[in-house]
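Report on the structure given below.
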Amino acid sequence: MPVAIDVKGLNKSFGDKHVVRDVSITVEAGRVTGFLGPNGSGKTTTMRMLCGLLTPDSGEGTCLGLDILKETGEIKRRTGYMTQRFSLYDDLTIEENLLFVARVYGMDDRRRRVAEALAGLGLEARRKQPAGALSGGWKQRLALAAAVMHEPRLLLLDEPTAGVDPKARREFWDQIHELTAKGMTVMVSTHYMDEAERCHDIAYIAYGALIARGTVAELIDRSALVTFKGEGPGADRLAPALLREPGVEMAAPFGAALHVSGPDRALLERAISRHRGDGLRWTEGRPTIEDVFIHLMRGAEDNFR
Amino acid sequence: MISGTRILAIMIKELLQLSRDRLTYAMILVMPVMQLMLFGYAINTDPRHLPTVVLDEDRTTLSRSVLAALGNTGYFDFTAEAASHAAIDAAIESGAAQLAVVIPHDFSRRVVKGDAPRILVEADASDPTAVGSALGSLGGVAEAALDHDLQGPLARDGGGGPFEIVVHRRYNPENITAFNIVPGLLGIVLSMTLVMMTALAVTREHERGTMESLLATPVRPIEVMIGKLAPYVGIGVIQTVLILGLARLLFGVPFEGGWAALALGTALFITGSLALGFLFSTLARSQLQAMQMSIFYILPSILLSGFMFPFRGMPDWAQVLGTAIPVTHFLRVVRGSLLKGADLAQTWPSLAALGVFVVVVTALAMARYRTTLD
């Protein structure tokens, strides 16, 4: 597979805050890579460096085969970037926004392309409405349409689905996969676990450092986490008590059941054995990706704090 | 029921938010002090010590007594001696002098003969307020200037003073205030709209988050700058035409010529104002801050530029401050060209000052405005 992104040792500081530390990442073309990590972990900054919006303090590499330090103009031309906030013009109509984007990218045959984009969105009837009047889900669809209108080879999406309802999110992800099927490479940051599972593979970043990379299944296997599921009356209320036990990294209620996980099987078994008597039934389960992330976050805290 | 606790909660929150914004502090504390200083000390509608050129063709004790009496009023500062009438014209047209006194060669002889000769006082009345008081003091001077010199047999026994003062109000003989205010308004209107609108236009992109998307496109920062500013050049030109047109139609403001100076001055001033607005937008973090910065700039532009109050009426420190304000120079160009027909040759110092303003502010704005978001 050809490589879309290949960067090494990226660093970026704002003042005395070291926001991105030695990030090296390779992304194969035509894949959806989920960019995960706690708030403020450097996801947005890394993405901005990849698309030429920010200059790294140090590091090197290529994006779409172009030097991320020297060829930012060309990278911008071939990349679509969708920001966290809706960043089209609220006071321009839907059509005017798309026309603006078409002009900025110097596209030919603009009227036709805009008409196609509107048709693709199903917004032909509303094309004279101000973009600001759209609902959250529609705004995000419009922003996506605007970001891919110039047919970029790489699409960077920064928490595109924050605050969007599940149906709109589902449709959004269907669209992402349609685009990658045509050869586009997508990098998307998210906090949603279900979205992480829709990605071909995951990059996990914490405290500015890339600490895990791979598919969801790989990450779960590699984590060597042990998870038990407790069911029975009052199981969901045991979380605080269990979290105080040594070896319990996570204890969280899922409905009426309780998920308990930790890296050390012996310690975990000892912890839950104390709560076996209360009429609870414990079964071993496979850790979820969320368990793995919380585990990773803990590990990162120990390393960087 | 109205709850005191709830009101207090809102009050505390409001005060906390105010205290986080340094520029708002400045608005609350600096603004009143600034206004107090300006209104209290700098502004003076009875300006004294106006620069005056003298053409004394008589050069006798009596003529010197007249000049001394004029000097004693406090309004006339004799800054230069003119060699000819042409020199007087040049001094007044360029604004180097606001008043001129001409004493004819046969002045003493005719005073002694008792046939009341005439002294000519020329005034640059393009700003009627500036010279109003000075001209008002002339009556007393004519009466009493020669009392000491004309004693004994020369003493007059009533029937008018020993000489007359003829006042020649140049550029605005009818003392119409609008002739001074309306052209000046051009500078104020252009500053207000152009500086404020550009400052807001760019800050708005940052505040709404659209700048980030914009910079992620192939658009280059210089293209963003030119593209955003160009429409405002058009707006500036429309405003200029509108104001000048109305000045002519409604107020009958004289258009004496000086078109080249007017055009160059307006072009420089529009460019500089846009660059300044752009500079503000690179410094402000919100539209509110951009607005506040614009007000900080516009207030002294109105008060210290000579727009509202005579420039020469201000104390020296205020004149120095006023000289640093672009509007001051623009007003000199506009008033000079419209009212006096002053062209490039007479207005070049102001045009040069505007040029410096454009270069400095543009350089600063470009330095502040960066390609990427870092």
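Line by line, the protein sequences are chains A and B.
Under numbering that gives the first Met the number 0, the letters of the first sequence match residues 0 to 304, in that order.
Under numbering that gives the first Met the number 0, the letters of the second sequence match residues 0 to 373, in that order.
From the three backbone atoms N, C-alpha and C, an ideal C-beta is built for every residue, glycine too.
Following the DSSP letters along the chain, one finds Met191 of chain B in no beta strand (DSSP E), marked with neither H nor E. When C-beta atoms of the region 262-276 of chain B are compared with those of the region 348-363 of chain B, three or more pairs fall below 8 angstroms, so the two segments count as touching. In the DSSP annotation of this structure, Tyr24 of chain B is not part of any beta strand (DSSP E); the continuous alpha helix (DSSP H) holding it starts and ends at 21-36.
For the region 47-77 of chain A, the set of positions with a beta-carbon nearer than 7 angstroms to some beta-carbon of chain B reads Arg47, Cys50, Leu52, Leu53, Thr54, Gly72, Lys75, Arg76 in chain order. Within the region 238-310 of chain B, complete alpha helix (DSSP H) segments of at least 4 residues are found at 258-282, 286-302, given in chain order. Annotation: Val247 of chain A is outside any alpha helix (DSSP H) and is labelled neither H nor E by DSSP.
Measuring C-alpha to C-alpha distances from Val218 of chain B to each of A:Arg30, A:Phe13, A:Ala101, A:Gly33 identifies A:Ala101 as the nearest. Residue B:Ala215 holds the alpha-carbon nearest to the alpha-carbon of Arg77 of chain A among B:Pro253, B:Ser336, B:Ala215.
Assigned with DSSP and collapsed to three states, Phe13 of chain A falls in strand. Each residue's CA atom was taken as its position, placing Arg63 of chain B and Asp148 of chain B some 11 angstroms apart. Judged by their CB atoms, Val2 of chain A and Thr32 of chain A are not nearer to each other than the 9 angstroms cut-off. Proximity of the region 196-212 of chain A to the region 291-303 of chain A meets the contact definition, three or more beta-carbon pairs being nearer than 8 angstroms. Rounded to whole angstroms, the Cβ separation of Asn10 of chain A and Asp21 of chain A is 6 angstroms, and the two are in contact under 8 angstroms.
With fewer than 16 other CB atoms across the displayed protein chains lying within 10 angstroms of its CB, Thr322 of chain B is exposed. Judged by beta-carbon spacing, Leu155 of chain A lies within the 9 angstroms limit of Leu49 of chain A, meaning their Cβ atoms are closer than that value. Using a 10 angstroms sphere on the CB of Thr184 of chain A, the tally of other CB atoms reaches 16 or more, which defines it as buried.
Around the beta carbon of Tyr40 of chain B, a 10 Å sphere encloses fewer than 16 other beta carbons of the protein chains shown; the residue is thus reported as exposed. Among the residues facing chain B, Ser23 of chain A is not included, as its CB has no counterpart in that chain under 9 angstroms away. Closest by C-alpha distance to Ala28 of chain A, out of A:Leu153, A:Gly135, A:Gly229, A:Ile271, is A:Leu153. At a cut-off of 9 angstroms between beta-carbon atoms, Thr45 of chain A makes no contact with chain B.
The continuous beta strand (DSSP E) containing Arg212 of chain A extends over residues 208-213. In the structure shown, the three-state DSSP call for Thr160 of chain A is coil.
The shortest C-alpha to C-alpha distance from Pro239 of chain A to any of A:Thr92, A:Thr43, A:Leu257 is the one to A:Leu257. Taking each of A:Met148, A:Val19, A:Leu65 in turn and checking the Cα distance to Arg110 of chain A, the smallest one comes out for A:Met148. The alpha-carbon separation between Tyr296 of chain B and Leu330 of chain B amounts to approximately 16 angstroms. Contact of Arg84 of chain A with chain B by beta-carbon distance below 7 angstroms involves Gly208.
In the same chain as Leu37 of chain B, and ignoring 5 residues on each side of it, the C-beta atoms closer than 6 angstroms to its own belong to Leu302, in chain order. For Glu283 of chain A, the beta-bridge partners assigned by DSSP are A:Phe227.
Legend: CB atoms of the region 209-237 of chain B lying less than 7 angstroms from CB atoms of chain A belong to residues Thr209, Glu211, Ser212, Leu214, Ala215, Thr216, Pro217, Val218. Secondary-structure assignment with DSSP links Lys7 of chain A through a beta bridge to A:Glu59. Tyr88 of chain A reaches chain B at Thr209, counting residues in chain order whose Cβ is nearer than 7 angstroms. Residue burial is scored here from C-beta neighbours: Asp108 of chain A has fewer than 16 other C-beta atoms within 10 angstroms and is therefore classed as exposed.
Taking 9 angstroms as the CB threshold, Val103 of chain A lines the interface with chain B.
Look at Met106 of chain A: its C-beta is not under 9 angstroms from any C-beta on chain B.
Under a 10 Å Cβ-count criterion, Asn171 of chain B is classified as buried, with 16 or more other Cβ atoms of the shown protein chains found around its own Cβ. Using beta-carbon distances, Val100 of chain A counts as an interface residue toward chain B, with a partner under 9 angstroms.
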